[in-house]
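A.B. asks:
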Amino acid sequence: MEQEQRTYSRVAARLKGLACLAESADTPPRFRTAPRRDGSAPPMITAGLPEGLMDFLLEMDAKLDQILVGQRQDQLRQDYPLDLDIQEISGAGVRFSCAEPLAEDQVLELVMVLNQYPLRLAAAVGRVRGEEGGLRRFEFTFIREHDLEAIVQFVFQEQREEIRNRKWA
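Counting from 23, one number per residue, gives the positions in the sequence shown under my numbering.
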């Protein structure tokens, strides 16, 4: 069995994922996520607006984004018919279970739900690898920088929470 090369930390997770067959392992995902905003507005918009009003407008913008994403859920399910239960995640890939049979080296596009609220999604293209303990391995072959950053942030957040829980247990 081939030895897994890891450069990223991995954590246990209980995430939902959707997948579809991809054309090639080197093509970018069709699904696009926007880079996360830091809560600040472009300078041209903030000119002359009170800080409280700016905060309100940014919050409304985030809520409208959530509504639009919620309306797109049906289309997402049509575009990505495979349901995955992600059990482990890292910046290099995931381990998952799937009711559908998947072949070794099969190329998939995967959309992961990192957070329910606020909704945070990440997409990647990769290959299905061997099975261990009932879980398939999925190695990313193409992932956009902001999607990789979202996954790494998720992993760090989970690690911090695990340390905090051990400390107080």
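In this text, a Cβ means the ideal position worked out from N, Cα and C, and glycines have one as well.
With C-beta atoms as the reference, is V150 less than 8 Å away from A44?
C.D. replies: No, the Cβ-Cβ distance between V150 and A44 is not below 8 Å.
A.B. asks: Between the Cα of I173 and the Cα atoms of L86, F78, M76 and E110, which residue gives the shortest distance?
C.D. replies: The residue with the shortest Cα to Cα distance from I173 is E110.
A.B. asks: Can you give, in chain order, each stretch of the alpha helix (DSSP H) that sits fully within the stretch 93-171 and has at least 4 residues?
C.D. replies: Runs found: 95-101.
A.B. asks: How would you call D127, buried or exposed, if buried means at least 16 neighbouring beta carbons within 10 angstroms?
C.D. replies: Exposed: under 16 other Cβ atoms inside 10 Å.
A.B. asks: Just the Cα atoms here: how many angstroms apart are D101 and W190?
C.D. replies: Taken atom to atom, the span from the alpha-carbon of D101 to that of W190 is near 43 Å.
A.B. asks: Give me the residue from L90, F176 and E122 with the minimum Cα distance to A144.
C.D. replies: F176
A.B. asks: So if DSSP puts A19 in a beta bridge, which residue, or which two residues, is it bridged to?
C.D. replies: Residue 19 lies beyond the range of the chain shown here (23 to 191); nothing can be said about it.
A.B. asks: Just verifying my parser: in three-state terms, what is the DSSP assignment at S46?
C.D. replies: S46 falls in the coil class under three-state DSSP.
A.B. asks: Going by beta-carbon coordinates alone, are G39 and F164 separated by less than 8 Å?
C.D. replies: no
A.B. asks: Buried or exposed: M82, going by 16 or more other Cβ atoms within 10 Å of its Cβ?
C.D. replies: That one is exposed.
A.B. asks: Using only alpha-carbon positions, find the residue among L98, L124, L157 and E122 that is nearest to M134.
C.D. replies: L98
A.B. asks: Going by Cα to Cα distance, which pick from L170, R182 and L90 is closest to Y30?
C.D. replies: L170
A.B. asks: Short of 7 Å in beta carbon distance, which residues of its chain neighbour P103, apart from the five on each side in sequence? Order them along the chain.
C.D. replies: If we look at P103 and ignore the five residues flanking it on each side, its Cβ neighbours are C42.
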